[in-house]
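Numbering (full-length UniProt numbering), first residue to last: 1 to 268. Heads up, the beta-carbon is just placed ideally off N, CA and C, and yes, glycines get one too.
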């Protein structure tokens, strides 16, 4: 096994057990790992990232459900807006890559990653509520709009939308932190498969994914699901949240710099 493949697997497994169960947005890390470290084509990296995100969501959802966290009725309602968003995101991404350039995807990714990085910094600086209690009442209009945008980002960028879903659930869904995370994973479990199927049908990239992932790729999503379950059930009880959030900011900042570098190179 090549050194870069080993590095990529270590980062993927670490993300699954440490970052994703906290709702910090595993897809924001998975896609750059597959694209930049594994050197996969952008469309293949997006599809691979979605499969990993779904595995993380399944594992984390099981753990949160066992703990009684999450609102399934609310998630089903959000799914009605998130699923169309995912389909639109896939179509938009396909058109941008095929008829403009994949740099447009990276520009959009830079905007979303920057926003999530900003929210994470506020969390560390304690300028946002960190008690875990409910911080806002249900505002259905804003909440459903956010879920639609989260679904669209899932289809467009290969992320689960978890970072967006958690924020919407906390600020506009009237949920506490644990229920926000649990409901976000329920939403991702329902919405991400639509993005996976849509990418497979529109891009026709399944054969490329199988070729890139090889036989070991079959076991990676299963292990990722198990690790995310363990992370959601045990790791978040013992690991320092602020330290993990700081590390998360550092890692996504590296991907931000890579996006900026490519955008500048394209402009110049």
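DSSP places residue 40 in the coil class of the three-state scheme, outside both helix and strand. A residue is called buried when at least 16 other Cβ atoms come within 10 angstroms of its Cβ; residue 261 does not meet this threshold and is exposed. Scanning the region 176-208 from its first residue to its last, the whole alpha helix (DSSP H) runs of 4-plus residues come out as 177-203. Judged by their CB atoms, residue 26 and residue 44 are not nearer to each other than the 7 Å cut-off.
With distances taken between CA atoms, residue 46 lies nearest to 202 out of 75, 73 and 202. Contact between the region 78-96 and the region 138-158 is present, with at least three C-beta pairs closer than 8 Å.
DSSP places residue 19 outside any alpha helix (DSSP H), giving it a letter other than H or E.
The distance from the Cβ of residue 33 to that of residue 11 is about 5 Å, consistent with a contact at the 8 Å cut-off. Straight through space, the alpha carbons of residue 231 and residue 242 are spaced by roughly 16 Å. The Cβ-Cβ distance between residue 71 and residue 183 falls below 7 Å. Counting C-beta pairs closer than 8 Å gives fewer than three between the region 206-221 and the region 182-198, which falls short of the contact rule.
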